[in-house]
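Scroll down for the structure; my scribbles are underneath it.
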Amino acid sequence: MGQIQLKQVTKSFGDVQVIPPLDLTIHDGEFTVFVGPSGCGKSTLLRLIAGLEDITTGHIEIDGADATDLVPAKRGLAMVFQSYALYPHMSVRKNIAFPLRMAKMDQAEIDRRVNAAAEVLNLADYIDRRPGQLSGGQRQRVAIGRAIVREPSAFLFDEPLSNLDAALRVGMRMEISELHKKLATTMVYVTHDQVEAMTMADKIVVLQAGVIEQVGSPLELYRKPRNTFVAGFIGSPKMNLISGEEAAKHDAATIGIRPEHIDVVPAGGTWTGTVGVAEHLGSDTFFHIHNTGLAETITVRAIGDVSLTHGDTIHLNPRMEELHRFGADGLRFD
Amino acid sequence: MARSVTPRRKLLNTTIAWAIGLLIFFPILWTILTSFKSEAQAIAAPPIFLGFDWTLENYRVVMERSDYARFLWNSIIIAGLSTVLGCIIAVPAAWSMAFVPSKRTKDILLWMLSTKMLPAVGVLYPIYLIFIELGLLDSRAGLVVVLMLINLPIIVWMLYTYFKEIPGEILEAARMDGATLRQELIYVLTPMAVPGIASTLLLNFILAWNEAFWTLNLTAVNAAPLTAFIASYSSPEGLFFAKLSAASTMAIAPILILGWFSQKQLVRGLTFGAVK
């Protein structure tokens with residue numbers, strides 16, 4: 001079990017309210033990702049769930065029971081920190097065994113669980129080393145190991161991959177996803193990286209300034225962003241958001257079209273402009289286009305290596321069925 | 001960019017370092033050497049460096065004239081107890097300031113440290129009167145309290161600095177892992193802070209051991225520590241350099257040996273590798 005419910009939760013630091021009243025349900029077994037720009041309150045929200053910060057008003061329920069006033073250890077949650085937060089004076093084995101020792105479990109059971117976790121996380125060879133003798137990826141695995149031995153009702157991850165290099169990050173991303181499939185335990189994961197959110201989540205919670213902008217599956221958010229903020233935040237490269245005359249043609253204050261939904265055509269097309277920067281990735285080419293008559297620079301994603309470069313004229317055809325329309329309040333309408 | 005050091009440069013650096021080291025150590029060395037001279041050789045001009053008649057006469061006389069063991073015992077009690085007492089008060093204080101800071105934490109730290117800026121003699125009179133009133137003059141208990149209070153700002157400040165270096169996330173992790181506050185302090189904070197606590201204790205012990213203002217002014221016979229023992233050789237009958245040196249050597253020997261053996265552990269840090 002691992003259902004987490006936030007009911008009218010708020011958090012203030014002094015006079016500053018960082019989380020206005022917020023409701024959220026995280027279902028059992030779900031992989032939920034909190035995503036948003038720096039300072040949006042996503043880590044604070046996670047720490048409120050963990051019990052490391054006290055909520056100012058409202059209630060937190062875990063598996064239907066009120067956990068608002070419970071100390072962190074009594075909530076049955078395990079947390080993986082951004083800095084790993086391993087105990088530097090203990091071996092890997094002792095680090096992983098620590099929560100079990102605190103729970104006064106008998107030694108045979110501790111050994112069994114620690115060995116099982118080390119097996120799952122490929123840590124068996126390093127079990128007697130100290131954290132200082134491990135690489136970043138190995139340290140992160142130890143931190144995860146320390147979380148899984150407790151068999152918690154939910155895992156909390158606070159930007160666990162942001163200290164790793166790009167290649168390792170992709171690897172660990174998959175490992176965590178696989179771990180989730182294997183354990184089928186609720187996971188709450190905080191990141192500022194929308195790619196991590198899109199690839200790992202069952203459910204994404206997009207936050208801005210402590211406010212939930214949208215909750216949904218990755219594809220829901222991609223296909224039907226609720227407002228211009230989510231539209232601009234989810235998807236890579238970013239959605240083109242165009243306002244002014246062009247938007248007015250579609251009876252909207254702002255229209256949005258994703259770079260992958262604009263076709264490059266040999267001639268004609270809705271918009272014609274000149275290529276500013278062309279990013280050739282081999283599999284795709286990203287064009288940043290000026291002089292289309294629109295105020296905004298338009299980003300276009302073309303499949304394959306398209307041989308247009310800086311200064312070339314380009315003809316574009318947005319796919320009208322993929323157009324997003326937003327009102328003056330920034331909200332989407334269909 | 002790594003700086004390349006030529007062998008010649010290295011030799012020069014080593015020579016300079018040794019020269020400065022010896023310069024600083026020289027007064028102590030001179031004291032030790034003088035303690036083995038006769039009174040005449042001790043004041044000889046030009047001074048004799050090594051070519052004198054080595055003698056243990058001064059030590060014999062000093063041991064005969066004063067009860068070294070009593071002074072030593074007083075020093076150990078006063079320095080030791082004031083350090084332990086200071087630590088018992090300072091660890092929780094530093095812990096709360098480092099991990100549960102308030103808006104005023106920085107001000108409190110500065111305020112505590114500012115008490116060290118007052119010249120000790122400025123409060124001699126009130127403290128002397130209080131000691132008379134409470135019957136604490138020439139008592140070890142009185143000195144323990146005074147020395148503890150005098151060094152407390154430094155202990156708190158040092159421990160605070162060490163605790164600050166321990167990442168808060170590690171303590172939060174312990175809390176998530178089910179450690180109570182007591183377990184958090186015993187299994188996580190203390191092992192990580194041991195080098196810091198040890199060097200604070202040692203420094204404070206040395207400061208208390210060497211403290212001469214209060215120990216000389218507030219003691220006479222019963223509670224007099226080694227500082228008073230040294231001072232007793234610079235009075236009535238005139239200066240006897242060799243005997244004074246012998247007394248000084250005997251007074252600093254314990255602390256010198258303690259410092260020599262503990263220096264290695266104190267430098268070693270434990271927190272490396274916990275947090276990237």
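Chains X and D supply the protein sequences, listed in that same order. Take the first sequence: its letter number 275 is residue 275 in this note's numbering, and every next letter is one higher. Take the second sequence: its letter number 213 is residue 213 in this note's numbering, and every next letter is one higher. Quick reminder that beta carbons are idealized off the backbone N, C-alpha and C, glycines included. Since the model is a prediction, treat every value here as computed from it, not as a measurement.
- If only complete runs of 3 or more residues are kept, the segment 143-174 of chain X shows the beta strand (DSSP E) at 154-158, in order along the chain.
- If you check the CB distance, G330 (chain X) and T228 (chain X) come in under 8 Å.
- Take I32 (chain D), set aside five residues on each side of it, and the residues of its chain with a beta-carbon closer than 7 Å to its own are T249, in chain order.
- For R301 (chain X), the enclosing beta strand (DSSP E) starts and ends at 298-303.
- Distances from the alpha-carbon of T68 (chain X) to those of X:R141, X:R112, X:E119, X:T10 put X:T10 closest.
- One finds E172, R175, M176 in chain D with Cβ atoms closer than 8 Å to the Cβ of L52 (chain X), taken in chain order.
- Taken through DSSP and simplified to helix, strand or coil, R70 (chain D) comes out as helix.
- A distance below 8 Å between beta-carbons, with the five flanking residues on each side excluded, links E184 (chain D) to the following residues of its chain, in chain order: L171, A174, R175.
- Every unbroken stretch of the alpha helix (DSSP H) spanning 4 or more residues and falling wholly within the segment 209-242 of chain X is given here in chain order: 218-223, 228-233.
- Taking C-beta separations shorter than 7 Å and ignoring five residues to either side along the sequence, the partners of P72 (chain X) in its chain run A50, G51, L52, following chain order.
- Residue pairing for R332 (chain X): DSSP places it in a beta bridge opposite X:F326.
- Judged by DSSP in its simplified three-state form, V206 (chain X) adopts strand.
- The beta carbon of I252 (chain D) lies closer than 6 Å to none in the same chain, with the five residues before and after it left out.
- Interface annotation, E169 (chain D): in contact with chain X, CB-CB separation under 8 Å.
- Residue contact check for S83 (chain X) against chain D: a CB pair falls below 8 Å.
- Per DSSP, the beta-bridge partners of E279 (chain X) are X:F286.
- Scanning chain D for C-beta atoms nearer than 7 Å to the C-beta of P99 (chain X) yields D177, G178, reported in chain order.
- Just so you know, the alpha carbons of M90 (chain X) and P131 (chain X) end up roughly 8 Å apart.
- I127 (chain X) places its beta carbon less than 8 Å from that of V92 (chain X).
- Around the beta carbon of F49 (chain D), fewer than 16 other beta carbons sit within 10 angstroms, so the residue counts as exposed.
- For A78 (chain X), the nearest beta carbon of chain D is closer than 8 Å to its own beta carbon.
- For A247 (chain X), the CB contacts under 7 Å within the same chain, skipping 5 residues up- and downstream, are A253, T254, I255 in chain order.
- Every alpha helix (DSSP H) of 4 residues or more that sits fully in the segment 70-139 of chain X is shown, in chain order, as 92-102, 107-120.
- Within chain X, P88, H89 have C-beta atoms less than 7 Å from the C-beta of M192 (chain D), given in sequence order.
- Between M102 (chain X) and chain D, the shortest Cβ-Cβ separation is below 8 Å.
- At least one CB atom of chain X sits nearer than 8 Å to the CB of Q183 (chain D).
- L56 (chain D) and A246 (chain D) have their C-alpha atoms spaced approximately 9 Å apart.
- Burial check for R182 (chain D): the Cβ neighbour count within 10 Å stays below 16, so the residue is exposed.
- A278 (chain X) places its beta carbon less than 8 Å from that of T285 (chain X).
- As DSSP reads the structure, S96 (chain D) sits in no beta bridge.
- The segment 214-225 of chain D makes contact with the segment 74-93 of chain D, as at least three CB pairs between them are under 8 Å.
- Under the three-state reduction of DSSP output, Q3 (chain X) falls in the coil class, being neither helix nor strand.
- Close CB contacts of D305 (chain X) within its chain, under the 7 Å cut and outside five residues either way in sequence, are with H280, G282, T285 (chain order).
- The residues I154, M158, in chain order, have a CB closer than 8 Å to that of L203 (chain D) in the same chain once the five nearest residues on each side in sequence are set aside.
- Take S217 (chain X), set aside five residues on each side of it, and the residues of its chain with a beta-carbon closer than 8 Å to its own are A201, D202, K203, I204, in chain order.
- At a cut-off of 8 Å between beta carbons, P318 (chain X) makes no contact with chain D.
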